[in-house]
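Asks: Below: one structure in structure tokens.
Protein chains: 2
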Amino acid sequence: MTLYLNLAEELAARIEQGLFRPGERLPSVRTLSQEHGVSLSTVQQAYRQLEDQGLATPRPKSGYFVNQLRQQPELPQISRAPQRPVEVSQWEQVLELVSEPPSSDVLQLSRGIPDIDVPTLKPLLRSLSRLSRRQSLRELSYGAVEGEISLRQEVARLTLDSGCQLAAEDIVITTGCHEALSAALRAICQPGDIVAVDSPSFHGVMQALKGFGMKALELPTDPLTGISLEALEMALEQWPIKAIQLTPSCNNPLGYVMPEANKRALLALAQRFDVAIIEDDIYGDLAYHYPRPRSIKSFDEDGRVLLCSSFSKTLAPGLRIGWIAPGRYLQQVLHMKYMGTGMSAQLPQLAIAEFIRDGLYQPHLRQMRKQYARGREQMTGWVSRYFPPGTRVSQPQGGFMLWVEMPQGFDSLRLNRRLAASKLQVAPGSIFSAAGKYRNCIRLNFACSHQPSMEAAIRQVGETVTQLLAEDA
Amino acid sequence: MTLYLNLAEELAARIEQGLFRPGERLPSVRTLSQEHGVSLSTVQQAYRQLEDQGLATPRPKSGYFVNQLRQQPELPQISRAPQRPVEVSQWEQVLELVSEPPSSDVLQLSRGIPDIDVPTLKPLLRSLSRLSRRQSLRELSYGAVEGEISLRQEVARLTLDSGCQLAAEDIVITTGCHEALSAALRAICQPGDIVAVDSPSFHGVMQALKGFGMKALELPTDPLTGISLEALEMALEQWPIKAIQLTPSCNNPLGYVMPEANKRALLALAQRFDVAIIEDDIYGDLAYHYPRPRSIKSFDEDGRVLLCSSFSKTLAPGLRIGWIAPGRYLQQVLHMKYMGTGMSAQLPQLAIAEFIRDGLYQPHLRQMRKQYARGREQMTGWVSRYFPPGTRVSQPQGGFMLWVEMPQGFDSLRLNRRLAASKLQVAPGSIFSAAGKYRNCIRLNFACSHQPSMEAAIRQVGETVTQLLAEDA
Ligand SMILES: Cc1ncc(COP(=O)(O)O)c(C=O)c1O
Ligand SMILES: Cc1ncc(COP(=O)(O)O)c(C=O)c1O
Numbered sequence: 001m002t003l004y005l006n007l008a009e010e011l012a013a014r015i016e017q018g019l020f021r022p023g024e025r026l027p028s029v030r031t032l033s034q035e036h037g038v039s040l041s042t043v044q045q046a047y048r049q050l051e052d053q054g055l056a057t058p059r060p061k062s063g064y065f066v067n068q069l070r071q072q073p074e075l076p077q078i079s080r081a082p083q084r085p086v087e088v089s090q091w092e093q094v095l096e097l098v099s100e101p102p103s104s105d106v107l108q109l110s111r112g113i114p115d116i117d118v119p120t121l122k123p124l125l126r127s128l129s130r131l132s133r134r135q136s137l138r139e140l141s142y143g144a145v146e147g148e149i150s151l152r153q154e155v156a157r158l159t160l161d162s163g164c165q166l167a168a169e170d171i172v173i174t175t176g177c178h179e180a181l182s183a184a185l186r187a188i189c190q191p192g193d194i195v196a197v198d199s200p201s202f203h204g205v206m207q208a209l210k211g212f213g214m215k216a217l218e219l220p221t222d223p224l225t226g227i228s229l230e231a232l233e234m235a236l237e238q239w240p241i242k243a244i245q246l247t248p249s250c251n252n253p254l255g256y257v258m259p260e261a262n263k264r265a266l267l268a269l270a271q272r273f274d275v276a277i278i279e280d281d282i283y284g285d286l287a288y289h290y291p292r293p294r295s296i297k298s299f300d301e302d303g304r305v306l307l308c309s310s311f312s313k314t315l316a317p318g319l320r321i322g323w324i325a326p327g328r329y330l331q332q333v334l335h336m337k338y339m340g341t342g343m344s345a346q347l348p349q350l351a352i353a354e355f356i357r358d359g360l361y362q363p364h365l366r367q368m369r370k371q372y373a374r375g376r377e378q379m380t381g382w383v384s385r386y387f388p389p390g391t392r393v394s395q396p397q398g399g400f401m402l403w404v405e406m407p408q409g410f411d412s413l414r415l416n417r418r419l420a421a422s423k424l425q426v427a428p429g430s431i432f433s434a435a436g437k438y439r440n441c442i443r444l445n446f447a448c449s450h451q452p453s454m455e456a457a458i459r460q461v462g463e464t465v466t467q468l469l470a471e472d473a
Numbered sequence: 001m002t003l004y005l006n007l008a009e010e011l012a013a014r015i016e017q018g019l020f021r022p023g024e025r026l027p028s029v030r031t032l033s034q035e036h037g038v039s040l041s042t043v044q045q046a047y048r049q050l051e052d053q054g055l056a057t058p059r060p061k062s063g064y065f066v067n068q069l070r071q072q073p074e075l076p077q078i079s080r081a082p083q084r085p086v087e088v089s090q091w092e093q094v095l096e097l098v099s100e101p102p103s104s105d106v107l108q109l110s111r112g113i114p115d116i117d118v119p120t121l122k123p124l125l126r127s128l129s130r131l132s133r134r135q136s137l138r139e140l141s142y143g144a145v146e147g148e149i150s151l152r153q154e155v156a157r158l159t160l161d162s163g164c165q166l167a168a169e170d171i172v173i174t175t176g177c178h179e180a181l182s183a184a185l186r187a188i189c190q191p192g193d194i195v196a197v198d199s200p201s202f203h204g205v206m207q208a209l210k211g212f213g214m215k216a217l218e219l220p221t222d223p224l225t226g227i228s229l230e231a232l233e234m235a236l237e238q239w240p241i242k243a244i245q246l247t248p249s250c251n252n253p254l255g256y257v258m259p260e261a262n263k264r265a266l267l268a269l270a271q272r273f274d275v276a277i278i279e280d281d282i283y284g285d286l287a288y289h290y291p292r293p294r295s296i297k298s299f300d301e302d303g304r305v306l307l308c309s310s311f312s313k314t315l316a317p318g319l320r321i322g323w324i325a326p327g328r329y330l331q332q333v334l335h336m337k338y339m340g341t342g343m344s345a346q347l348p349q350l351a352i353a354e355f356i357r358d359g360l361y362q363p364h365l366r367q368m369r370k371q372y373a374r375g376r377e378q379m380t381g382w383v384s385r386y387f388p389p390g391t392r393v394s395q396p397q398g399g400f401m402l403w404v405e406m407p408q409g410f411d412s413l414r415l416n417r418r419l420a421a422s423k424l425q426v427a428p429g430s431i432f433s434a435a436g437k438y439r440n441c442i443r444l445n446f447a448c449s450h451q452p453s454m455e456a457a458i459r460q461v462g463e464t465v466t467q468l469l470a471e472d473a
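This is the structure we're talking about:
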């Protein structure tokens, strides 16, 4: 990172920690330059960065002041989900989201796409290119149904970071995390079975439950700590729940990291009631703090946790390479994987294995974590500035998604229709709930918040929200 | 094709048609050279080719004679399947087959891998390579859940060859034909439902039925004309069958093409009993005769046929790109596709679309059809020569698979164990039956029968078969 960005981040952190208070005057350019041993122009650049982020404002002849506006907006409310298993709906809305190919003239605020236009990914593309030129049986043929052994080895090593101790043999490569989750559900549950889920929750799982004829029991979920363990315990007592499915580290869409104590307590509950845990860790490696949070799987002693993940958020979604460590359900999952898609594509598996083996994965992650942490600041600032007062905003601890809650009664589907003319699309909140709740919420993607057009786009969304609220008032 | 191969094929055809009879002397080299206006050495090469194929033998100073041995071996018997729905078994044997990555030192007699080391595929590899170098949102990101529109257009055009009239909008791209079949089954059937299948039948479908808790009703199947329509009609009267799943054109493993009249009659039956047809057409484009056979889908008027296919046999399996034209079940199939794997990989879709658009698909197919037709002759010849008398052999009309039937009681699993030491593996017949029938059969792959090691390999298999039979006698 350049000097001025470093400095800007430090100042931003102090503002967030309350060391500089709203309305307070910030140190002069000269003072900072001496304190930090950097040039005057570096400090000026840093201040302009703070200004861009909505954290500080210059006043003529008196220097920079901490913005009044700049407070962390309030958090979304703890979700209050229906307290009974429901059949999943919302397919039409999901379809609308996923049936449009990402077009270069529509800003990707809606879909879960990371920034893939970064220098640290280039070597991966070179591998792909080189491997596809080579015309060998290995790349173009059927591989093993479990996946390429070299990749399974690398994945086993990567999961050490989340505290796991897995061997290559414990891992099955899948067609994205979608297939991992879908195989996990089918390995454990039958049609009619009840699965407890966090809420809001990834729409792919909701739709899989729908497709398999399973029922979702949405659990109240705190925007900072995740599902309510009390509610889960009650639910386990009341219903014949077969599995708990959740994304505890850098949750999609809320961004929280479930505290380690909660993860342990959750596992203990699962043991007591003898249910399986399907842990989605797809964003886990993108936690802003290093070392990354531990997975529930890392505490698992009797193989009841099925860890699902993919390279879709950390590298690129188009690779369609994910994995699952299914614990004691390995044989069932392998069968489900075979019947679902047969073997996985060899070429991307080999290229990714090479990328990791060459030591390029961690440096890439470091870059992305920083970029997304900055993105969160920017996006939060813009939403604070451009959305109507009272808008609530999540505080993600990783990943590149912001959850934004408008007052009850607001209709995010109407918002999307209104935005279509401006070539903008957000993810409507209702697709993150089995019962179609959260219609007053939206999810925004800030992976590419450095793009010049982004601020104007968020401003436009905010203004449209304000308009819609005014029309309804 | 070179001159000598042309000539060899013509001579082989005459032998097959009985114009030259077993034991008869073939025309002299000089005569043929004059008749066909080719050089003496071309005729000599052609004769050596016939010799290699086991069709003719030279006798010193008297020229070439049609082999006595060279008769079409007897066909396998019409399968007599259990006359009631059964739960599928055989997962362990399938797993053994698919959990080994194809190793360069094991001859691929067992798996369904086409020859991918051919010049006509090179441009596809160049496209893949070029597209992966280009670092654009389109290749590395999520596409549309239905698949890339450019590929769907090309697929729609390709299906004209089998008599279909489909639009891009009728087609959903999938992760191989596996996903097409699996999505089709789930779109139509519930656990416990009965699906009628041809028998022997592709093990992927058998295993999908198993995984979904559906039951298979195996239909008696003629090695030249496919499933018995009489048996199907009886079954439809007797059981609440939900769908008929079959591979009517260039069947795997038997290779037959169901006559057009039978296809129409089958559709009429499906209409009368109001059941869906899941038609697997994965080998259809590899019929030895051009134009290729019509699909059942091409006669479908009320959208009850779900046409499933992929590029795994015509181009390369590692691409993992297939498709489905689900007729009236489009919405359900789309939902199943989304929940199973989300979006399909963009890169191979774009490369394949380019390959077809550039007019390279048909010339490639022409090459492969010829190669596989020759392969069939070679393989049939070798099996006739090296397997014990009484061995029955299929007469495939397309594709690259030969079905070989030994006497009842022969154990193909034992054969595989015996062959392992020689780094050979065949596909045991039992995996092609829900009930584990056909243990006395094996399936051989002749896609690469031009490889120098192939004849020796088949000889070794044949000798091992003979040994095993002798041991049991
Ligand atoms: C929480 C979560 N799980 C799973 C997925 C699906 O991932 P993949 O693209 O690897 O199938 C996503 C992507 O949107 C996600 O956000
Ligand atoms: C008849 C048949 N259907 C489907 C498949 C699966 O094809 P894919 O590799 O495209 O998933 C095969 C391949 O073995 C097959 O032989």
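So the protein lines, in turn, are chains A and B. Every letter in the first sequence is one number past the one before it in UniProt numbering, and letter 192, counting from 1, is 192. Every letter in the second sequence is one number past the one before it in UniProt numbering, and letter 371, counting from 1, is 371. We treat Cβ as the ideally placed atom computed from N, Cα and C, and that holds for glycine.
1) Which ranges would you report for the beta strand (DSSP E) in the stretch 409-438 of chain B if only whole runs of at least 3 residues count?
2) Tell me the rounded alpha-carbon separation between LEU365 (chain B) and GLN207 (chain B).
3) Report the neighbours of SER132 (chain B) on chain A: residues whose CB is nearer than 7 Å to its CB, in chain order.
4) If we ignore side chains and look at the alpha-carbon of each, how far apart do ALA196 (chain A) and GLY322 (chain A) end up?
5) Closer than 7 Å by beta-carbon distance: list the chain A residues that pair up with residue 537 (chain B), in chain order.
6) One question on the structure: do GLY147 (chain B) and SER310 (chain B) come within less than 7 Å of each other, judged by their Cβ atoms?
7) Expressed to the nearest angstrom, what Euclidean distance is found between the alpha-carbon atoms of PRO452 (chain B) and ARG133 (chain A)?
8) Should ARG70 (chain A) go down as buried or exposed, given a rule of 16 or more other Cβ atoms within 10 Å for buried?
9) I'd like to confirm something about ASN416 (chain B): is its beta-carbon nearer than 6 Å to some heavy atom of ligand 1, or not?
10) What does GLU218 (chain A) pair with, by DSSP beta-bridge criteria?
11) Which one of A:ILE244, A:ALA270, A:GLU301, A:ARG264 has the shortest CA to CA distance from ILE278 (chain A)?
12) Which residues in chain A sit within 7 Å of LEU347 (chain B), going by Cβ to Cβ distance?
13) Identify, in the order they occur along the chain, each residue of the same chain with its Cβ nearer than 7 Å to the Cβ of ALA8 (chain A), setting aside the five sequence neighbours on each side.
14) When we look at the beta-carbon of GLU463 (chain B) and count the other beta-carbons within 10 Å, is it buried (16 or more) or exposed?
15) Run down chain B in chain order and give the residues with a C-beta less than 9 Å from the C-beta of PRO191 (chain A).
16) Starting from the beta carbon of GLN207 (chain A), find every residue of chain B whose beta carbon is closer than 8 Å, and list them in chain order.
17) Where does ILE241 (chain B) fall in DSSP's three states?
18) Can the beta-carbon of GLY255 (chain B) be found less than 7 Å from the beta-carbon of PRO85 (chain B)?
19) At a Cβ cut of 7 Å, what residues of the stretch 40-70 of chain B count as close to chain A, listed as they run along the chain?
20) At a threshold of 6 Å, does CYS189 (chain B) count as lining ligand 2 (C-beta to nearest heavy atom)?
21) Just to confirm my understanding: we take GLU471 (chain B), look at its own chain, exclude 5 residues before and 5 after, and list those with CB closer than 7 Å. What are they?
22) In three-state terms, what does DSSP make of GLU310 (chain B)?
23) Which of helix, strand or coil does DSSP assign to VAL145 (chain B)?
24) CA-CA distance, ALA373 (chain B) and GLY398 (chain B)?
25) Tell me whether THR247 (chain A) is buried or exposed, calling it buried when 16 or more other Cβ atoms sit within 10 Å of its Cβ.
26) Note down, in chain order, every chain A residue with its Cβ under 7 Å from the Cβ of TRP91 (chain B).
27) Using beta carbons (cut-off 7 Å, strictly below), is VAL275 (chain A) in contact with chain D?
28) Near SER295 (chain A), which residues of its chain fall below 7 Å by C-beta distance, leaving aside the five closest residues on each side in sequence?
29) Beta-carbon of VAL145 (chain A) versus every beta-carbon of chain B: anything under 7 Å?
30) Name the chain B residues that come within less than 9 Å of GLY436 (chain A), Cβ to Cβ?
31) 7 Å is my cut-off, CB to CB: does VAL465 (chain B) come that close to chain A?
32) Using the Cα positions of ALA421 (chain B) and LEU95 (chain B), report the straight-line distance between them to the nearest angstrom.
33) Name the two residues that bound the continuous alpha helix (DSSP H) containing GLY381 (chain A).
34) Nearest CA to the CA of SER228 (chain A): which residue from A:ARG328, A:LEU413, A:LYS210, A:GLN83?
35) Express the C-alpha separation of LYS313 (chain A) and SER79 (chain B) in angstroms, rounding to a whole number.
36) Nearest CA to the CA of VAL155 (chain A): which residue from A:PRO220, A:GLU169, A:ALA144?
Replies: Answer, in terms of the structure:
1) none
2) 30 Å
3) LEU125, LEU128, SER129, SER132
4) 23 Å
5) The requested residue 537 (chain B) is not part of the displayed model; chain B covers only 1 to 473.
6) No.
7) 25 Å
8) At ARG70 (chain A) the pLDDT is 47, less than 50, meaning the model places this residue with poor confidence and gives no usable figure here.
9) no
10) A:VAL197
11) A:ILE244
12) GLY318
13) Closer than 7 Å at the Cβ level, and outside the excluded window around ALA8 (chain A), lie ALA46, GLN49, LEU50.
14) exposed
15) From the beta-carbon of PRO191 (chain A), the residues of chain B found nearer than 9 Å are GLN190, PRO191, GLY213.
16) HIS335, TYR338, MET339
17) strand
18) PRO85 (chain B) is positioned such that its CB atom lies no closer than 7 Å to that of GLY255 (chain B).
19) none
20) Ligand 2 never approaches CYS189 (chain B) closely enough for any of its heavy atoms to be under 6 Å from the residue's Cβ.
21) none
22) Position check: residue 310 (chain B) holds Ser in this sequence, whereas Glu was assumed. Strand at SER310 (chain B).
23) coil
24) Their backbone Cα atoms lie some 7 Å apart in a straight line.
25) buried
26) HIS335
27) This model lacks chain D altogether, as its protein chains are A and B.
28) SER162, GLY163, CYS164, SER249, GLU279, ASP281, GLY284, LEU307
29) yes
30) Under the 9 Å cutoff, chain B gives no residues; its nearest Cβ is about 16 Å from GLY436 (chain A).
31) no
32) 19 Å
33) 361-386
34) A:GLN83
35) 50 Å
36) A:GLU169
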